[in-house]
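Numbering-wise, our numbering comes out as the position in the sequence shown, counting from 1, plus 193.
All C-beta atoms in this analysis are idealised placements derived from N, C-alpha and C, irrespective of residue type, glycine included.
Just so we're clear, the structure is a prediction, and the values are computed from it rather than from any experiment.
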Amino acid sequence: MKKFINRNKEREFLAKEYSKNTASFVVIYGRRRIGKTALLKEFIKDKKALFFLATEESENENRNEFKRAVAEYI
């Protein structure tokens, strides 16, 4: 497992959200290159989860890609 420094709060939040008996939608945002994607990928590696990374494409293109990702997931 990768070592994440000062990410305990974020990991606890993700674990709490994941353990709920209802669906959750979590948005992670912040400065570039601080480990957001790595944190999420590490967290979901052994869990049933949908991971979608929006791009700088148009809103419509991101929406279509998100629909495809959801369709594959379900």
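Rounded straight-line distance, which links the Cα of residue j to that of residue i
| i | j | result |
| --- | --- | --- |
| Leu207 | Arg256 | 24 angstroms |
| Thr248 | Glu254 | 9 angstroms |
| Ser217 | Glu250 | 25 angstroms |
| Leu243 | Ile198 | 25 angstroms |
| Lys240 | Ser212 | 11 angstroms |
7 angstroms Cβ shell around residue i - same chain, five flanking residues per side excluded
| i | result |
| --- | --- |
| Phe245 | Phe259 and Ala262 |
Chain-order list of residues whose beta-carbon lies under 8 angstroms from that of residue i (same chain, five-residue window excluded)
| i | result |
| --- | --- |
| Arg200 | Gly228 and Leu232 |
| Gly328 | With the chain represented from 194 up to 267, any question about residue 328 goes unanswered, as that position is not in the structure. |
Test item: CB-CB of residue i and residue j under 9 angstroms
| i | j | result |
| --- | --- | --- |
| Val219 | Glu205 | no |
Residue i, DSSP secondary structure in three states
| i | result |
| --- | --- |
| Ser251 | coil |
Own chain residues within Cβ distance below 6 angstroms of residue i, not counting five before or after
| i | result |
| --- | --- |
| Phe236 | Leu207 |
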